[in-house]
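In the numbering used here, the protein residues as written are 423 to 459.
These notes are about the structure you will find just below.
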């Protein structure tokens, strides 16, 4: 699984459920931490 697949399958759905990206013309950004890196 690459970063774009992980974002599409795991990250984006959770952010959307939390209300992120709901405002018009808003953008979602994130920092992915993997193995404390």
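Just so it is clear, CB atoms sit at the ideal spot from N, CA and C, and this is done for glycine as well.
Taken through DSSP and simplified to helix, strand or coil, residue 439 comes out as helix.
Here the C-alpha atom of residue 453 lies approximately 14 Å from the C-alpha atom of residue 442. Rounded to whole angstroms, the Cβ separation of residue 450 and residue 437 is 5 Å, and the two are in contact under 8 Å.
Assignment of residue 451 by DSSP, reduced to helix, strand and coil, places it in the coil class. Membership of residue 428 in the alpha helix (DSSP H) is indicated by the continuous run 425 to 428.
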